[in-house]
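FYI, in the working numbering the residues of the first sequence are 15 to 603.
Even for Gly, the Cβ is constructed at its ideal location relative to N, Cα and C.
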Amino acid sequence: MMGPVHVVLAPEPGGGMRLRRLDDPDGDAGPGAVADATAAVRALERDRSGDRAAVRWTWDDTAVRYPPLLADGARVERAHDLRLAHRILRHSTLASGSGLATAPPGPWDEPATPEHTPVPRPRAPQADALFDLRPEPAAGARAHPGGAPDAAGAVAELRAQRAAVAGSDDPSRLRLLLAAESAGALVAAEMRHAGLPWRTDVHDAILTEVLGPRPPEGRRPARLEALADRIRAALDAPPTLNPDSHPDLLKAMQYAGVGARSLRKWELEQVDHPVVAPLLEYKNLYRLLTANGWHWLDAWVEGGRFRPEYVVGGVVTGRWASSGGGALQLPKAVRRAVVADPGWRFVVADAAQLEPRVLAGMAGDEAMARAGRGGDLYAGIVASGAVATRELAKVGMLGALYGGTTGASAQVLPRLARAFPRSVALVEDAARTGERGGIVTTRLGRSSPPPGSEWDAAQAGALEDAAGADAATRARTATRSWGRFTRNFVVQGTAAEWALCWLASIRRRLWELGTAGPAGLAPAPFADRPHLVFFLHDEVVVHAPVAMAETVAEQVRAAAEEAGRLLFGDFPVSFPLTVEVVEAYADAK
DNA sequence: GCTTTGTGCCAC
DNA sequence: AAACGTGGCACAAAGC
15 MMGPVHVVLA
25 PEPGGGMRLR
35 RLDDPDGDAG
45 PGAVADATAA
55 VRALERDRSG
65 DRAAVRWTWD
75 DTAVRYPPLL
85 ADGARVERAH
95 DLRLAHRILR
105 HSTLASGSGL
115 ATAPPGPWDE
125 PATPEHTPVP
135 RPRAPQADAL
145 FDLRPEPAAG
155 ARAHPGGAPD
165 AAGAVAELRA
175 QRAAVAGSDD
185 PSRLRLLLAA
195 ESAGALVAAE
205 MRHAGLPWRT
215 DVHDAILTEV
225 LGPRPPEGRR
235 PARLEALADR
245 IRAALDAPPT
255 LNPDSHPDLL
265 KAMQYAGVGA
275 RSLRKWELEQ
285 VDHPVVAPLL
295 EYKNLYRLLT
305 ANGWHWLDAW
315 VEGGRFRPEY
325 VVGGVVTGRW
335 ASSGGGALQL
345 PKAVRRAVVA
355 DPGWRFVVAD
365 AAQLEPRVLA
375 GMAGDEAMAR
385 AGRGGDLYAG
395 IVASGAVATR
405 ELAKVGMLGA
415 LYGGTTGASA
425 QVLPRLARAF
435 PRSVALVEDA
445 ARTGERGGIV
455 TTRLGRSSPP
465 PGSEWDAAQA
475 GALEDAAGAD
485 AATRARTATR
495 SWGRFTRNFV
505 VQGTAAEWAL
515 CWLASIRRRL
525 WELGTAGPAG
535 LAPAPFADRP
545 HLVFFLHDEV
555 VVHAPVAMAE
565 TVAEQVRAAA
575 EEAGRLLFGD
585 FPVSFPLTVE
595 VVEAYADAK
């Protein structure tokens with residue numbers, strides 16, 4: 015078997031694409047500059063198809079380069095995403111001494127330019143006073159001129175990345191992280207290409223059932239209008255009262271003597287007044303209408319598929335974000351509309367108690383790993399004798415992961431600390447590091463950002479001679495808040511790494527299962543193959559021909575075991591899944 | 001008129 | 001008015 019060939023694919027300044035083999039930096043793979051990149055990619059993938067990952071592509075940005083290939087029905091086995099890798103290496107404490115990390119900011123530090131972003135750009139993240147994560151422009155840094163890096167630039171960047179990894183404190187972990195991140199980018203593009211099967215007629219029926227028929231533009235659906243009347247009646251308010259206006263509604267509620275100071279659900283639930291029931295229901299239906307109503311259907315579902323844009327690494331911790339359509343917040347109420355194609359099924363799998371298990375693995379916590387062996391980690395904690403009930407075990411663990419300081423979660427923390435000292439110490443250490451303004455790093459090497467300028471200012475303010483009590487309070491609040499962030503970062507970030515490895519393994523295994531006879535409704539190259547259609551932090555949905563569903567379920571389980579081994583080697587922490595084969599997403603769980 | 005901010009709820 | 005992490009999104013109000 016030949017080793018893999020490494021091929022850089024980059025745009026030519028004058029148009030078209032260039033394929034350059036890395037082992038032959040002065041020459042070009044096959045045709046060199048090509049007008050039809052798909053044909054060239056397809057030919058090379060086919061020539062080497064006997065070998066797993068026989069072709070290793072490198073390009074600037076999977077989200078830009080891959081969709082056109084997929085549109086032509088071409089799939090690549092493996093592709094290194096330079097921009098995603100650069101971002102990780104630039105900040106990782108494992109590679110902090112590298113040339114890549116110490117160089118002044120360059121084009122690879124720029125976010126993807128508008129030309130790089132095929133779908134509507136997400137709104138700029140709002141600057142939070144405390145968590146200002148936007149990179150601070152260094153002196154001398156200037157905007158990326160706009161054009162994508164050419165082949166020479168991509169080769170140079172790849173070499174810098176390889177050097178940074180090779181010279182790092184843990185090359186194998188970083189190598190795995192970059193491979194997983196890059197594979198995730200392929201999965202994201204493929205899921206968008208394939209789309210999540212969506213039955214517009216079922217969705218419309220759900221809306222009609224709970225809201226009434228679709229009203230003319232600008233009018234309330236009948237059920238909402240009726241609830242608005244009941245709200246007005248309960249408040250003795252005039253017909254002009256608009257329940258969508260918070261100030262008006264709050265005023266009317268105050269006048270009627272409702273003892274709520276906000277319109278939050280949890281607060282309304284605590285007051286006893288006839289307006290509460292219709293108001294809560296109004297808010298419920300209003301949310302469905304505005305977030306996933308007919309407008310959403312018109313905007314996001316086409317040809318029986320929902321195609322969201324996933325933003326790989328879009329969250330600081332390494333989780334994915336999404337842009338448009340709210341793919342990561344699909345409410346349970348509309349999941350009935352997610353129906354598999356005729357003759358196909360969904361294999362829905364979700365990792366049970368992923369974050370505490372990941373914590374056990376990171377901490378080398380044998381006791382916690384043992385508690386997780388039976389499938390339900392929280393039940394295992396109860397069985398260990400540490401706490402009395404499953405609910406306490408759950409809130410206690412979540413409190414440890416999030417930094418909860420009140421209520422039941424804080425009360426059971428000492429008991430958890432006694433029973434699982436290694437796990438608790440790991441998150442406490444991460445919190446202390448953050449409180450000092452330090453940086454924490456995940457299992458595979460993704461590092462947290464340093465605190466922003468607002469944080470520094472708060473700390474400095476408390477040290478000034480004239481500093482008052484409120485300056486001290488502000489500094490303390492900022493300190494603790496950043497500690498909660500770094501505490502959670504290590505666990506959430508490592509869980510995201512596990513999930514990336516899981517996804518990558520599922521993707522490869524599904525492809526290796528091959529085809530299943532006649533083509534279905536999915537687009538090429540997935541028409542006759544099981545394929546991923548949805549991912550949500552610790553959950554995946556595979557769309558598969560009926561006859562293959564059980565095999566797919568087995569492979570998804572095997573992939574979870576593989577992910578555990580990749581991150582934690584022989585350490586005996588398990589990652590059990592809930593796996594179901596269903597026709598509609600709503601039927602899972 | 002437009003953009004930004006505040007509110008509140010959805011997902012994990 | 002949350003307490004306790006990460007996000008996206010829609011709307012009304014406020015600001016320019």
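1) Please state whether DSSP places Asp-286 in a helix, a strand or coil.
2) Whole angstroms are fine: how far does the CA of Val-587 sit from the CA of Asp-379?
3) Does the region 201 to 211 come close enough to the region 519 to 539 to have 3 or more Cβ pairs within less than 8 angstroms?
4) Can you tell me which of the three DSSP states Trp-71 falls into?
5) To the nearest angstrom, report how far apart Val-133 and Pro-322 are at their CA atoms.
6) Please return the same chain residues whose Cβ sits closer than 6 angstroms to the Cβ of Pro-590, not counting the five positions on each side in sequence.
7) Alpha carbon to alpha carbon, how far is Leu-114 from Ala-414?
8) Locate the alpha helix (DSSP H) running through His-207, then write down its first and last residues.
9) Mapping DSSP to helix, strand and coil, what is Arg-35?
10) In chain order, what are the residue ranges of uninterrupted alpha helix (DSSP H) at least 4 long that sit wholly in the region 342 to 427?
11) Alpha helix (DSSP H) containing Ser-106: first to last residue?
12) Looking only at its own chain, which residues have a Cβ that is under 6 angstroms from the Cβ of Pro-292, when we skip the five neighbours before and after it?
13) Are the CB atoms of Leu-225 and Leu-103 nearer to each other than 7 angstroms?
14) Buried or exposed: which applies to Leu-477, given that a residue is buried once 16 or more other Cβ atoms fall within 10 Å of its Cβ?
15) Where Glu-594 and Phe-549 are concerned, what is the direct C-alpha to C-alpha distance, given to the nearest angstrom?
16) Can Trp-496 and Ala-577 be called in contact, C-beta distance under 7 angstroms?
17) Looking only at its own chain, which residues have a Cβ that is under 6 angstroms from the Cβ of Ala-335, when we skip the five neighbours before and after it?
18) Pick from Leu-200, Lys-346, Thr-447, Trp-71: whose alpha carbon is nearest that of Val-169?
19) Does the ligand HEM have a heavy atom nearer than 6 angstroms to the CB of Asp-601?
20) Examine the Cβ distances between the region 170 to 184 and the region 89 to 101 and report whether three or more of them are shorter than 8 angstroms.
21) Report the rounded CA-to-CA distance for Gly-583 versus Glu-575, giving the unit in angstroms.
22) Please name the residue in Ala-193, Pro-163, Arg-349, Asn-256 whose C-alpha comes closest to that of Asp-218.
23) Between Leu-440 and Gly-410, what straight-line distance do the alpha-carbon atoms span, to the nearest angstrom?
24) Pick out whichever of Ala-117, Glu-553, His-557 has its Cα sitting closest to the Cα of Ala-541.
Working from what's here:
1) coil
2) Their Cα atoms are separated by approximately 9 angstroms.
3) yes
4) Residue state, collapsed to three classes: strand.
5) Here Val-133 scores only 38 on pLDDT, less than 50, and its place in the model should not be relied on; the value that follows carries that caveat. Using only the alpha carbons, I get a separation of about 10 angstroms.
6) Ala-366, Gly-389
7) Straight-line measurement puts the Cα of Ala-414 at about 35 angstroms from the Cα of Leu-114.
8) 185 to 208
9) For Arg-35, the secondary structure class from DSSP, reduced to helix, strand or coil, is strand.
10) Counting whole runs of 4 or more residues, the region 342 to 427 contains the alpha helix (DSSP H) stretches 368 to 377, 380 to 385, 391 to 397, 404 to 416.
11) No alpha helix (DSSP H) holds Ser-106; DSSP gives it neither H nor E.
12) Leu-241, Arg-244, Ile-245
13) Their beta carbons are not under 7 angstroms apart, which means Leu-225 does not touch Leu-103 by this criterion.
14) exposed
15) 15 angstroms
16) no
17) Val-325, Gly-328, Val-329
18) Trp-71
19) Only the bare structure without any ligand can be found here, which leaves the ligand HEM out of the picture.
20) yes
21) 10 angstroms
22) Arg-349
23) 15 angstroms
24) His-557
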